[in-house]
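A.B. asks: Residue numbers (our numbering): 83 to 471.
Okay, handing you the structure first.
Next comes the structure, spelled out in structure tokens:
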């Protein structure tokens with residue numbers, strides 16, 4: 083039960099979390115640092131030299147990366163790779179053999195996949211995914227490979243240096259992307275890939291999940307920074323709406339001239355404290371003719387109240403002169419409320435048709451186009467439809 087004092091037990095493991103608590107409670111724990119990848123590559127290269135085994139530098143780099151800082155795990159993988167080399171025709175440890183053995187995607191294919199994402203080339207993207215899957219590369223491994231490349235590009239952009247273990251072709255590609263992509267684009271790519279990786283890992287059909295996740299990343303890759311996008315949308319919204327094209331009738335010009343004068347009269351009525359009449363003037367009066375002392379108007383089909391008496395009294399009160407007010411069957415200019423609603427609808431339509439907004443909605447299919455001010459106004463009086471979802 084209790085060992086003698088001169089006996090010391092040493093446990094060495096890379097999976098300490100799997101040890102029972104009863105064992106851990108009786109131990110002094112020393113967490114050792116992971117061995118750096120360059121040191122592992124050098125160590126494995128020295129072993130191959132002593133064992134007279136020829137190994138490609140890229141193959142040793144793959145083994146060191148898969149070892150994740152553990153010499154023991156790396157030696158196990160190297161031993162397995164040497165056994166594969168002995169069975170092969172070439173008799174040496176190659177990057178292709180290690181890649182197949184570990185189920186890794188070819189780094190050149192990873193770069194092609196990344197390039198297809200940035201270029202928005204959907205057919206090429208799907209073809210590369212299908213080819214890698216046919217070669218035995220797991221979909222989650224494809225996602226992890228593109229994530230790793232994104233991380234390396236981001237690190238190269240910040241540190242302005244590329245991993246020395248990378249090949250010349252890989253270094254050139256990473257440096258080019260680090261110079262052409264913004265930090266915001268790289269961070270958004272990482273977030274989208276990370277979300278896609280989790281979806282692929284738990285999906286019942288990982289291949290389908292990987293295809294859909296990568297296509298979603300592809301559509302969102304060229305979006306601007308959220309701050310720039312919001313600024314450009316605000317600029318679109320602030321542009322004045324184009325004036326509605328005239329019908330060509332002679333009566334359209336007087337209506338256009340009457341609208342500002344009519345609005346001024348409504349403001350006078352409001353200042354006089356007759357808010358109910360002013361509200362009816364805004365909502366129900368379509369001006370057909372407006373001249374000094376004369377008002378001929380029509381009403382929207384949904385209103386039938388005779389406003390003439392109220393309008394005569396209000397206009398007499400604010401102008402000091404008697405008015406001839408008559409309701410007629412003409413079409414008339416839109417009411418002020420109708421005009422404002424048409425302007426809002428036109429602004430919303432212009433924003434929806436803007437390329438930036440269309441790209442945003444395509445990249446995020448579940449996104450909803452919401453008038454924030456209108457939604458805030460509705461929420462003060464009760465829960466609106468978006469809050470009930």
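Quick reminder that beta carbons are idealized off the backbone N, C-alpha and C, glycines included.
Pick from 92, 113, 91, 87: whose alpha carbon is nearest that of residue 99?
C.D. replies: Considering only alpha carbons, the answer is 113.
A.B. asks: By Cβ distance, which residues of its chain are closer than 7 Å to residue 434, with the 5 residues on each side in sequence left out?
C.D. replies: Answer for residue 434: 451, listed in chain order.
A.B. asks: Measure the C-alpha to C-alpha separation of residue 161 and residue 233 and round it to an integer number of angstroms.
C.D. replies: Straight-line Cα distance between these residues: approximately 30 Å.
A.B. asks: Shortest alpha-carbon distance to residue 372 belongs to which of 361, 362, 346?
C.D. replies: Among 361, 362, 346, the Cα nearest to that of residue 372 is on 346.
A.B. asks: Rounded to whole angstroms, what is the Cα-Cα separation between residue 355 and residue 431?
C.D. replies: Distance between the alpha carbons of residue 355 and residue 431 is about 36 Å.
A.B. asks: Is it true that the segment 114–123 meets the segment 149–166, where meeting means three or more beta-carbon pairs spaced less than 8 Å apart?
C.D. replies: With the cut-off at 8 Å, the segment 114–123 and the segment 149–166 touch.
A.B. asks: Span of the alpha helix (DSSP H) holding residue 409?
C.D. replies: Not the alpha helix (DSSP H): residue 409 falls in the beta strand (DSSP E), residues 406–409.
A.B. asks: Ordered along the chain, which non-local residues of its own chain (more than five positions away) have a Cβ less than 8 Å from that of residue 390?
C.D. replies: Closer than 8 Å at Cβ, skipping near neighbours: 407, 408, 409.
A.B. asks: Grouping DSSP H, G and I as helix and E and B as strand, with all else coil, what is residue 220?
C.D. replies: If DSSP states are grouped into helix, strand and coil, residue 220 belongs with coil.
A.B. asks: What would DSSP say about residue 111, mapped onto helix, strand or coil?
C.D. replies: The answer is coil: DSSP assigns residue 111 none of H, G, I, E or B.
A.B. asks: Spatial neighbours of residue 253 within its chain, please: C-beta separation below 7 Å, excluding the five flanking residues on both sides.
C.D. replies: Excluding positions up to five away in sequence, the list reads 244.
A.B. asks: From residue 291 to residue 285, what distance separates their C-alpha atoms?
C.D. replies: Residue 291 and residue 285: Cα-Cα distance of roughly 6 Å.
A.B. asks: Measure how close the beta-carbons of residue 137 and residue 181 come, nearest whole angstrom, since I'm counting them as under 8 Å.
C.D. replies: That pair is no contact at about 13 Å.
A.B. asks: Can you check which of these residues, 302, 383, 382, 398, is closest to residue 348 by C-alpha distance?
C.D. replies: Ranking the options by Cα distance to residue 348, first place goes to 398.
A.B. asks: What is the DSSP secondary structure of residue 174, reduced to helix, strand or coil?
C.D. replies: Coil, per DSSP.
A.B. asks: Run through DSSP, which three-state label would residue 101 get?
C.D. replies: Coil at residue 101, not helix or strand.
A.B. asks: Exposed or buried, what is residue 89 when buried is set at 16 or more other beta-carbons lying within 10 Å of its beta-carbon?
C.D. replies: Looking at its Cβ environment, which holds fewer than 16 other Cβ atoms inside 10 Å, residue 89 is exposed.
A.B. asks: Rounding to the nearest angstrom, what Cα-Cα distance links residue 333 and residue 438 in this structure?
C.D. replies: Below a pLDDT of 50, predicted positions are generally treated as unreliable, and residue 333, at 44, falls in that range; the measurement from the model is reported next regardless. So the two alpha carbons sit approximately 40 Å from each other.
A.B. asks: Are the CB atoms of residue 278 and residue 296 within a distance shorter than 8 Å?
C.D. replies: Yes; because the gap between Cβ atoms is below 8 Å, this pair is in contact.
A.B. asks: Are the beta-carbon atoms belonging to residue 199 and residue 300 less than 8 Å from one another?
C.D. replies: Yes, these two residues count as a Cβ contact at 8 Å.
A.B. asks: Can you tell me which of the three DSSP states residue 283 falls into?
C.D. replies: In this structure, residue 283 counts as helix in the three-state DSSP scheme.
A.B. asks: Could you check what DSSP says for residue 213 in three-state terms: helix, strand or coil?
C.D. replies: Of the three classes helix, strand and coil, the one that applies to residue 213 here is helix, per DSSP.
A.B. asks: Tell me which residue opens and which closes the alpha helix (DSSP H) that residue 138 is part of.
C.D. replies: It is not in any alpha helix (DSSP H) - residue 138 carries neither H nor E in the DSSP assignment.
A.B. asks: Can you say whether residue 240 is buried or exposed, counting buried as having 16 or more other CB atoms within 10 angstroms of its CB?
C.D. replies: Label assigned to residue 240: exposed.
A.B. asks: Please report the straight-line C-alpha distance between residue 426 and residue 420, rounded to a whole angstrom.
C.D. replies: Approximately 10 Å between the Cα atoms of the pair.
A.B. asks: According to DSSP, simplified to helix, strand and coil, what is residue 378?
C.D. replies: In the structure shown, residue 378 sits in a strand (DSSP, three-state: E or B).
A.B. asks: So what does DSSP say about residue 368, is it helix, strand or coil?
C.D. replies: Three-state DSSP puts residue 368 in a strand.
A.B. asks: Which residues in the same chain as residue 236 place their Cβ atom closer than 6 Å to its Cβ, once the five residues preceding and following it in sequence are excluded?
C.D. replies: The answer, listed in chain order, is 268.
A.B. asks: Looking at residue 382 and residue 366, is the spacing between their C-beta atoms short of 8 Å?
C.D. replies: Yes; because the gap between Cβ atoms is below 8 Å, this pair is in contact.
A.B. asks: Looking at C-alpha atoms only, which residue of 387, 110, 282 is the closest neighbour of residue 223?
C.D. replies: Per the Cα distances, 282.
A.B. asks: Taking 8 Å as the cut-off, decide whether the C-beta atoms of residue 302 and residue 276 are in contact.
C.D. replies: No. Outside cutoff.
A.B. asks: When the Cα atoms are used, what is the spatial distance from residue 394 to residue 370?
C.D. replies: Those two C-alpha atoms are separated by around 16 Å.
A.B. asks: Where do the ends of the alpha helix (DSSP H) carrying residue 123 lie?
C.D. replies: Unbroken alpha helix (DSSP H) run through residue 123: 119–132.
A.B. asks: Kindly list the residues whose CB is nearer than 7 Å to the CB of residue 210, restricted to its own chain and excluding five residues on each side of it in sequence; keep chain order.
C.D. replies: These residues qualify, in order along the chain: 191, 194, 195, 198.
A.B. asks: Would you mind working out which of 441, 353, 229 sits nearest residue 401, comparing C-alpha positions?
C.D. replies: The shortest C-alpha separation from residue 401 is found at 353.
A.B. asks: Taking the alpha carbon of residue 294 as the point to measure from, which residue in 205, 364, 250, 218 has its own alpha carbon closest?
C.D. replies: The shortest Cα separation from residue 294 among 205, 364, 250, 218 belongs to 205.
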